[in-house]
Ligand code: AMP
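Numbering (our numbering), first residue to last: 489 to 1075.
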């Protein structure tokens, strides 16, 4: 094995008495793996019926796991436990509530909730009903919420009174297709909404799962591109096969584990691995309602005896900042496997985790469109700090260069190109909702092009290099610059706006905006604060720019497109690259 990065390889040896990893030997098992065989394990219902909700809950009850603890929910000041049977019953009630409202197969049910038990019940109840679950991040402002619900043809929304009042009520009248709003709790003061508590209370605990087929739409996740509005990535019930297999292989998850995925279900990780995968495995999942707090997090691992932990680089960097002493003050001996996803994981963090926890964080890579983990550092393989690892069994990845309507595969190790995947795994997205053209453009020469730049080394390990487009990754959240710019342009003083990502030691990248003002407006601190506040109010803290600079004008191509790349190069003092298309330059 060759050393590729600046940090030494972390060699894996099975300790005495340590259980064998689910993926015990990479090359051999990968060579033998087929998705068809993996699918065979999922034939729980007669016919070709496949339903994620059934696989996650009722199937486990049928297997005799009904009394097992499925979900331990840690609220800010209380906790609640759900067994598999308990969660199956609660989700049946929710499915019956939907059915009583006339909501059925294919209808879109959105959630706008923090990590409360109702979110998990709504997700799985919606799937059992054959409806499509579309989770939204509760830190979104009114505009991202409205845009996604409009694009996704929302028929039902499950939310809280406060989130409804602040983020939905201002535009509800503009969206008549949104027929039902279910408010968590026993009552609701808002006309045109229903309280979920009493509706659940009077609903039956018996429900016959809708007979969905593997290719029926199940989940709708929103993601961002460089241009245009957000994209709705469509996932089908067949995705559950990937969720299960990848959790077994890449997270080494087994039925005896206590699993904690810290991601919010408003993002794809928090649904694929924070709801579906662990339940299909039959383990116990921990959900924490609170936001990041190093002391609280270590206490949760210690108290709940978390054995497998899946988190993100921003959180790991914050834990590093909180200091090794804090980690050492807790008994974290229950941890046996730790993984990270969503943004580049600094090699220092891998080395740090090895020294503090006795295990490295295993970086893995995937995106909304892939629905599940594609490239990972496995328990059975040595870890090269800074590398994303190797492709999952059943996944073929390559580094390619686009050449018009085809691609060239770049075989020479450590050549930078676009990361491409050969289509065919079950959780592959089946389309961007209402945007066939954008979907088709993702495929060239038989490959799915991910939009990420990467390299592969001589041992088959993949290394992330950057994005090939202008999207921003902040605290693990993908942010479309266009969405930010559109909101800034709403302000009467703004003539032009551009948003870029600038390096941030904790969140990886922070959103920075540049604006050119309309005549009659002058730059100044007060206007800067006003524009930043406008961004926060409309977009929410997770998406809004953190800083803003004024420019007399923004660089544009001759065809009128703002050159974000040039703004970024100038901001960071990097080479400006090819500026031959810049407006005002000689041809
Ligand atoms: P999302 O669709 O929001 O999950 O974001 C997916 C994007 O996050 C990928 O296309 C990458 O740009 C980035 N990403 C995900 N995992 C990693 C990783 N392990 N290392 C570097 N970037 C990552």
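For each residue, glycine too, the CB sits at the ideal point set by N, CA and C.
At least one heavy atom of the ligand AMP is found less than 7 Å from the C-beta of residue 830.
Put simply, of 621, 789, 714 and 762 the residue whose alpha carbon is nearest the alpha carbon of residue 591 is 621. Residue 582 has its alpha-carbon roughly 6 Å from the corresponding atom of residue 688.
The beta strand (DSSP E) runs lying completely inside the region 514 to 563 and spanning 3 residues or more are 557 to 562, given in chain order. For residue 866, the shortest C-beta to heavy atom distance toward the ligand AMP is 7 Å or greater.
Per DSSP, the beta-bridge partners of residue 962 are 965. In terms of Cβ geometry, residue 904 and residue 941 form a close pair [threshold 8 Å]. Between residue 777 and the set 985, 771 and 788, the nearest pair of CA atoms involves 788.
Counting the other CB atoms within 10 Å of its CB gives residue 872 a total of 16 or more, which places it among the buried residues. In the structure shown, residue 787 adopts helical secondary structure according to DSSP, grouped into three states.
Straight across, the Cα-Cα distance linking residue 998 with residue 959 is about 11 Å. CA-to-CA, the gap between residue 648 and residue 922 works out to about 29 Å. Pairwise C-beta distances place the region 849 to 863 in contact with the region 727 to 740, as three or more of them are shorter than 8 Å. Shown here, residue 1042 sits in coil according to DSSP, grouped into three states, outside any helix or strand. Going by DSSP, residue 758 is part of the alpha helix (DSSP H) stretching over 756 to 759.
In the assembly as shown, residue 1030 is a buried residue. Its beta-carbon has 16 or more other beta-carbons within 10 Å. Within the DSSP secondary-structure output, residue 1050 pairs in a beta bridge with 1044.
Note on residue 1006: under 16 other CB atoms within 10 angstroms of its CB, so exposed under the neighbour-count rule. If you draw a 10 Å sphere on the C-beta of residue 522, you find fewer than 16 other C-beta atoms in it, and that means exposed. Proximity to residue 978 across 782, 1020 and 603 peaks at 1020, based on C-alpha coordinates. Between residue 902 and the set 930, 953, 914 and 928, the nearest pair of CA atoms involves 953. The ligand AMP has no heavy atom closer than 7 Å to the beta-carbon of residue 862. Contiguous beta strand (DSSP E) elements confined to the region 831 to 864 occur at 849 to 853, taking only those with 3 or more residues. Under a 10 Å Cβ-count criterion, residue 1014 is classified as exposed, with fewer than 16 other Cβ atoms of the shown protein chains found around its own Cβ. Note that the C-beta distance between residue 643 and residue 666 is below 8 Å. Closest in alpha carbon position to residue 1071, among 1052, 1065, 1045 and 1057, is 1045. Here DSSP, grouped into helix, strand and coil, assigns residue 780 to coil.
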